[in-house]
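Notes for the one structure printed next.
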Amino acid sequence: MAAASAVALKNVARRFVTPSGDVLSALEGFDLTVAPGEFCAIVGPTGCGKSTTLGLVSGLAQPQGGTVTLFDAPVTGVDRRVGFVFQQDAVFPWRDVLGNVMAGPLFRGVPRAKAEAEARDWIARVGLTGFEQHHPHQLSGGMRKRVALAQTFINKPEVLLMDEPFSALDVQTRELMQEELLSLWAQSGAAVLFVTHDLDEAILLADRVAVLTTRPARVKSVHTIDLPRPRNIATLRYDERFVAIARRLSDDLRDEVLRARREATA
Amino acid sequence: MTDATAPLATEGRIESLAERQRRRWRIVVALRIIVFVLLVGGWELGVRAGWLDSFFFGQPSAIVDKLIDWIHNGTAIGPLWKQVWVTIYEAGAGFLIGAALGVLFGITLGRNQLLSDVFSIYIKIANSIPRIVMGSIFIVALGLGSPSKIALAVVMVFFVVFGNAFQGVREADKNLIANARILGASNWQVTRAVILPSALSWILASLHVSFGFALIGAIVGEFLGAREGMGLLIASAQGSFDSNGVFAAMIVIAVVALCAEWILTTIEKRLLTWRPEVSSAGE
Chain A
0 MAAASAVALK NVARRFVTPS GDVLSALEGF DLTVAPGEFC AIVGPTGCGK
50 STTLGLVSGL AQPQGGTVTL FDAPVTGVDR RVGFVFQQDA VFPWRDVLGN
100 VMAGPLFRGV PRAKAEAEAR DWIARVGLTG FEQHHPHQLS GGMRKRVALA
150 QTFINKPEVL LMDEPFSALD VQTRELMQEE LLSLWAQSGA AVLFVTHDLD
200 EAILLADRVA VLTTRPARVK SVHTIDLPRP RNIATLRYDE RFVAIARRLS
250 DDLRDEVLRA RREATA
Chain B
0 MTDATAPLAT EGRIESLAER QRRRWRIVVA LRIIVFVLLV GGWELGVRAG
50 WLDSFFFGQP SAIVDKLIDW IHNGTAIGPL WKQVWVTIYE AGAGFLIGAA
100 LGVLFGITLG RNQLLSDVFS IYIKIANSIP RIVMGSIFIV ALGLGSPSKI
150 ALAVVMVFFV VFGNAFQGVR EADKNLIANA RILGASNWQV TRAVILPSAL
200 SWILASLHVS FGFALIGAIV GEFLGAREGM GLLIASAQGS FDSNGVFAAM
250 IVIAVVALCA EWILTTIEKR LLTWRPEVSS AGE
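Those protein sequence lines, which keep their order, are chains A and B.
The opening position of the first sequence corresponds to residue 0 in numbering that gives the first Met the number 0, with each subsequent residue numbered one higher.
The opening position of the second sequence corresponds to residue 0 in numbering that gives the first Met the number 0, with each subsequent residue numbered one higher.
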């Protein structure tokens, strides 16, 4: 039986207690569904709780209200079907590229020889052949991100969570990495939940874009991006369909950003 | 290689920069030697001229004679190498046991909030006791042999390493821990694959300081009561008002400490190859 949704958040609330004892609400009444194999992006004003949603889906954090499900089963902890690419470098600095990429399979009990063969295959797929023995500090930011992608995809995730993974990269590298991600994703068939503050990036990559409100975050609106695939990141930017969608979303998002600014200065 | 890069003028400047650095280094070495000669020469001269009393302050040439005498004829309490070996053995054993216990407790308490909340107060109390005083208890309890000195060295080393290991665990990058857990690591695998390596640079830093502490523990222990060792050698030199003997023993101990330091630095470099080269001035 195929599950109706890969990820579903229903009426989810996530609250924090600040050091001064106040309760801070990051998410309140949050609803979002991602279908299997779908690429869904989340955009919203800075600090609105975009990353919080990923923490809940990954099982690293628990909601205070509502339900979070993976393939219709509630999330009870870290799930083997989930992959997570972090905003900051999260590759292990004391392991070389090979050691980093084979970390996942080794943690999961795959025999060393098999894990190493798989890792070499993935290193080749992300274009890092020849860098197996390099340590992360010897690589560029883009190459470290490739290591992170290989490290995540080697576990064959069915749900891929990405928290502004390319925000620290320069524009050219980011474009390359976006292309790379789309081709890896197309082969994997995973459902993706991609958090970003970059509206263009969201539109270029996703099937659907969810715009969040200011804190406490809810889904303000969901836009379907009906740009054909496979997409060419470099040229799609100048396509008039892209421009039309971007204008529509940008108006939607600007309202929220302005509201956030008013509340911050008030 | 393209011939368009690196014009000759730049190359010349780089060469002169390297030359300047080399020259500066030679000046530093020369100044170091001059400082040494001035200090030791002044001391020797001061004694010969009668400004300093050699009975209290010793005399460099006499210290060297003493060392040669010890090496050839042995000390008042037995051959020199035996005393050195006993002290190295006690300090080394105490260092290894203390460091192992410190790492073990530091990581366990660092990983477990409840344990750390319960035990932190006792560790604070124990840490505030002047640990040297424990030497007297150990000698009463464990006798004049090596075990009492090793115990004192263990106590000296434990708290330093424990504190650093604990801190190292707490400073481990939350992102790396989250990443390891998502990739499928169990609690034990997180400890081994993330916590230990990231605490390692903290632990290694503490080992540098704590070998010195282990040496102090062993020597003070011997001072308080022993049958052999460098501490006893100093105590017996002190008992016979032989200040040259005290200085000579100090030099031997300094050599031991410097050797240990060198070994630890070598191990550290081997273990931390993954870290980016830190460009350090001078040495």
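The beta-carbon is built from N, C-alpha and C at its ideal position, and this holds for glycine as well.
One finds nothing in chain B with a Cβ atom closer than 7 Å to the Cβ of H222 of chain A; even the nearest lies about 29 Å away. For S239 of chain B, no beta strand (DSSP E) encloses it, and the DSSP letter there is neither H nor E.
Annotation for H71 of chain B: the continuous alpha helix (DSSP H) segment containing it runs P59 to N72.
For the region 87-102 of chain A, the residues whose beta carbon sits under 7 Å from a beta carbon of chain B are, in order, Q87, A89, F91, P92, W93 and A102.
Counting of Cβ neighbours within 10 angstroms places N126 of chain B among the exposed residues, the total staying below 16. For S220 of chain A, DSSP records a beta bridge to A:V210.
If you draw a straight line from the Cα of L199 of chain B to the Cα of R110 of chain B, it is about 15 Å long. For a Cβ distance threshold of 8 Å, residue set L59 and V77 of chain A lies close to R180 of chain B, ordered along the chain.
Taken through DSSP and simplified to helix, strand or coil, K9 of chain A comes out as strand.
Checking the DSSP bridge columns, you'll see A190 of chain A partnered with A:V158. Between L160 of chain A and G103 of chain A, the gap from beta carbon to beta carbon reaches 8 Å or more. V191 of chain A sits close to C39 of chain A, with the two beta carbons spaced by under 8 Å. Collapsing the DSSP output to three states places F29 of chain A in a strand.
Burial is judged here by how many other beta carbons sit within 10 angstroms of a residue's own beta carbon; S182 of chain A has fewer than 16 and is exposed.
For F85 of chain A, the closest of B:K173, B:N243, B:F94 and B:S147 by C-alpha to C-alpha distance is B:K173. Put simply, the backbone Cα of M249 of chain B is about 57 Å away from that of A116 of chain A. With fewer than 16 neighbouring CB atoms inside 10 Å of its own CB, V22 of chain A falls in the exposed class. V153 of chain B places its beta carbon 8 Å or farther from that of G228 of chain B. Inter-segment contact for the region 176-183 of chain B and the region 216-223 of chain B is absent: fewer than three beta-carbon pairs are separated by less than 8 Å. A Cβ-Cβ distance of about 7 Å is found for the pair G43 of chain A and E255 of chain A, placing them in contact under the 8 Å criterion. Interface criterion met: the Cβ of G183 of chain B is under 8 Å from a Cβ in chain A. A distance below 7 Å between beta-carbons, with the five flanking residues on each side excluded, links V218 of chain A to the following residues of its chain, in chain order: F29, D30, L31, A209 and L211. Here W69 of chain B has L79 as same chain residues with Cβ atoms under 6 Å from its own Cβ, once five neighbours each way along the sequence are excluded. Just so you know, the alpha carbons of L206 of chain B and L69 of chain A end up roughly 47 Å apart.
In terms of Cβ geometry, A245 of chain A and L198 of chain A form a close pair [threshold 8 Å].
In this structure, G126 of chain A and R145 of chain A form a Cβ contact; the two beta carbons are roughly 7 Å apart against a cut-off of 8 Å. In the three-state DSSP reduction, I218 of chain B falls in the helix class (H, G or I). Q188 of chain B reaches chain A at F106, counting residues in chain order whose Cβ is nearer than 8 Å. According to DSSP, S24 of chain A shares a beta bridge with A:R14.
In this structure, G57 of chain B sits near F246 of chain B, with a CB-CB distance shorter than 8 Å. When rounded, the separation of the alpha-carbon atoms in A118 of chain A and F91 of chain A is 15 Å. The C-beta of N163 of chain B comes no closer than 8 Å to any C-beta of chain A. If only uninterrupted beta strand (DSSP E) runs of at least 3 residues are considered, those enclosed by the region 43-118 of chain A are 64-69 and 81-84. Comparing C-alpha distances from N163 of chain B to each of B:V63, B:L103 and B:I87 shows the shortest one belongs to B:L103. At a beta-carbon threshold of 9 Å, none of the residues of chain B lie near F70 of chain A; the nearest stands roughly 17 Å away. By the rule that beta-carbons nearer than 8 Å mark a contact, P129 of chain B does not touch chain A.
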